[in-house]
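S.K.: Below is a structure I'd like to ask you about.
In this note's numbering, the protein residues as written are -15 to 166.
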């Protein structure tokens, strides 16, 4: 390791990733993106169908927000009162049926607009630091013009650290499985 805390890479090129690699090495490239005007119920179905808990919101080719299932469930007014069940046993469609009883909410009403994004060549450690600093579980990955090219999640970061330590982690589902008969 060099004095700057960096590992020399091939042909004397410094590896600024600390051996973890870059965001581009671990990001998911085929990413569900939602439009700001997507109805909340449709967005929830799309997230559930894709097996992800959140997605970037893209308008005119640029990331303008991030929305999660939690955003959709907790930020949309519930017409019939608070849901009786919270956590992994809460099925999105039950809450959204109540939430949408009186009107059609849109993703732009629920999304987070303070978007933290990284470039594909950023070290994984940089992405991890941003996630911890801002309390987020995913970061859109954008090119030089700010166009989305992927997404990196906490699971991606943990898997990279585990791989560096020689540990293989099983992939776990984002959404809990439906109960038998449900």
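Beta carbons are placed, not taken as given, at the ideal position from N, Cα and C, and that holds for glycine. Keep in mind the model is a prediction, meaning the values are calculated, not measured.
1) Take the Cβ of residue 140 as the centre, count every other Cβ of all protein chains shown within 10 Å, and call the residue buried at 16 or more, exposed below.
2) If contact is defined by three or more beta carbon pairs under 8 Å, each pair taking one atom from either stretch, is the region 119 to 128 in contact with the region 99 to 106?
3) Between which two residues does the beta strand (DSSP E) harbouring residue 93 extend?
4) Considering Cα atoms alone, identify which of 152, 17, 58 is closest to residue 45.
5) Taking the beta strand (DSSP E) that residue 173 falls in, what are its first and last residues?
6) According to DSSP, simplified to helix, strand and coil, what is residue 54?
7) So, helix, strand or coil for residue 18, using DSSP?
8) Return the first residue and the last residue of the beta strand (DSSP E) that residue 41 is part of.
9) Which residues in the same chain as residue 13 place their Cβ atom closer than 8 Å to its Cβ, once the five residues preceding and following it in sequence are excluded?
10) Report all residues from its chain with a CB closer than 7 Å to the CB of residue 111; omit the five preceding and five following residues, and keep chain order.
11) So, using beta-carbon positions, are residue 9 and residue 90 closer together than 7 Å?
12) Taking the alpha helix (DSSP H) that residue 102 falls in, what are its first and last residues?
13) Going straight from the alpha carbon of residue -3 to that of residue 108, what length do you get?
M.R.: With the structure as the only source:
1) buried
2) yes
3) Looking at the DSSP string, residue 93 is not in any beta strand (DSSP E); the run it does join, the alpha helix (DSSP H), is 91 to 94.
4) 17
5) There is no way to answer for residue 173, as the model of the chain reaches only from -15 to 166.
6) helix
7) strand
8) 38 to 43
9) 133, 134
10) 7, 102, 123, 136, 141
11) no
12) Where residue 102 is concerned, there is no enclosing alpha helix (DSSP H), given that its DSSP letter is neither H nor E.
13) Confidence at residue -3 is low in this model, with a pLDDT of 40, below 50, so its placement is unreliable and no value can be given for it.
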